[in-house]
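Okay, so the sequence shown: first residue is -6 according to my numbering, each after it adds one.
We treat Cβ as the ideally placed atom computed from N, Cα and C, and that holds for glycine.
What you are looking at is a predicted structure, and each value in this text was computed from that prediction instead of being measured.
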Amino acid sequence: MFQFRASFNPGIQLGMGLGVTISSLLAIPAAFAAPAAVFEPVLEEIPAAAPTNVPVRLPATVPADVELHPAIVQDPALAEIFMLRLDTELGCETSECLGMGIAITGMPSVWPPEIDGLTEVDLGDGVQGYSAGSESFGTVQWVQDDSLYALSYKTDVFSLEDAIAMATSMVSEAPITSPDATSPDGTSPDATSPDPISPEPQPLPPESSDPISPEPQPLPSESPDPVSPDSTSPEPTSPEPMSPESQSPEPMSPEPETSPSEPPLTD
């Protein structure tokens, strides 16, 4: 069996059973597309199989002339790596049956890899990738969203141009993540929080039906003047209207006029 050796970090060799060397590249922005129909049988398994915080991206097109069968590779010794195969024979896990393989893991400490035989390739939108290959297998590899991506292919099933086209579509693929993955702010994607726009409605005070003036103020009973703004003063703010008796002084009755005193008449 052809053993694929992948060096994700200096000094760490991982046997992956895919076909060619995988290393790391440049970070690139995420966009969105749709996985090819060939992956549909395993799409529901990917979130559970993906390592935490390793976003899985799949190509939108797989231009193969042969029928391919997807299978997720689960190896406890490689728990930090997501691996998916497209095999030419159902249930076959040898390199002879491999049409294409995808491997994704965390960010390597050094990239691009310091190995011979790498060729720069353009993955679109100014994104640079690297390709390498042998007579039987080839690979296109890059780093995106703090994760290392490698697309490996068998040269009698796919050409280098096919592989670059699939890698380009993976760059723009919407990520599939583990349910335990966390967002950049440290929260779970399905975590819920109270709605800040619609708080719990507060009931109106029971003693009032007026939402603007919940406590109506009664008019003061001490003053008969409804216009007076000061309803608390015990003294009226204007003189009390005078009663008819007090509005004008009592008319004076004329004093009887007296005539000069005359001497009394005498007989």
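- Taken through DSSP and simplified to helix, strand or coil, Phe75 comes out as strand.
- Per DSSP, Pro63 lies in no alpha helix (DSSP H) segment; the continuous beta strand (DSSP E) that holds it begins and ends at 62 to 66.
- In the structure shown, the three-state DSSP call for Phe32 is helix.
- DSSP places Val114 inside the beta strand (DSSP E), whose first and last residues are 112 to 115.
- Around the beta carbon of Pro34, fewer than 16 other beta carbons sit within 10 angstroms, so the residue counts as exposed.
- In the three-state reduction of the DSSP assignment, Ser165 falls in the coil class, being assigned neither a helical nor a strand state.
- Inter-segment contact for the region 65 to 79 and the region 34 to 45 is present: three or more beta-carbon pairs are separated by less than 8 Å.
- Secondary structure of Ser140 (DSSP, three-state): strand.
- In the DSSP annotation of this structure, the continuous segment of the alpha helix (DSSP H) that includes Ile39 starts and ends at 39 to 42.
- Gly122 sits away from Thr148, with the two beta carbons spaced by 8 Å or more.
- The region 82 to 90 makes no contact with the region 100 to 112; the number of CB pairs closer than 8 Å stays below 3.
- Leaving aside the five residues that flank Asp155 on each side, the residues in its chain whose CB is nearer than 6 Å to its CB run, in chain order, Pro56.
- Restricting attention to Leu141, Val150, Glu60, the CA atom closest to the CA of Val103 is found in Leu141.
- With a beta-carbon spacing of about 19 Å, Gly92 and Val49 fall beyond the 8 Å limit used to define contacts.
- With 16 or more neighbouring CB atoms inside 10 Å of its own CB, Pro63 falls in the buried class.
- In the structure shown, Ala160 adopts helical secondary structure according to DSSP, grouped into three states.
- Between Gln134 and the set Gly84, Ala96, Ala53, Ala30, the nearest pair of CA atoms involves Ala96.
- Looking at the DSSP output, Ala96 bridges to Met76, Ala143.
- Closest option to Ser127, judged by alpha-carbon separation, among Ser152, Gly117, Ala53: Ser152.
- Counting the other CB atoms within 10 Å of its CB gives Gln137 a total of 16 or more, which places it among the buried residues.
- Going by C-alpha positions, Leu116 is about 7 Å away from Ile157.
- Between Leu51 and Pro28, the beta carbon gap of about 4 Å places them in contact (Cβ cut-off 8 Å).
- Beyond the five residues adjoining it in sequence on each side, Gln67 comes within less than 7 Å, by CB distance, of Ala42 in the same chain, given in chain order.
- DSSP places Ala125 in the strand class (E or B) of the three-state scheme.
- For Val31, the closest alpha carbon among the candidates Val120, Pro172, Leu83, Ser124 is that of Leu83.
- Ser165 has its alpha-carbon roughly 15 Å from the corresponding atom of Asp139.
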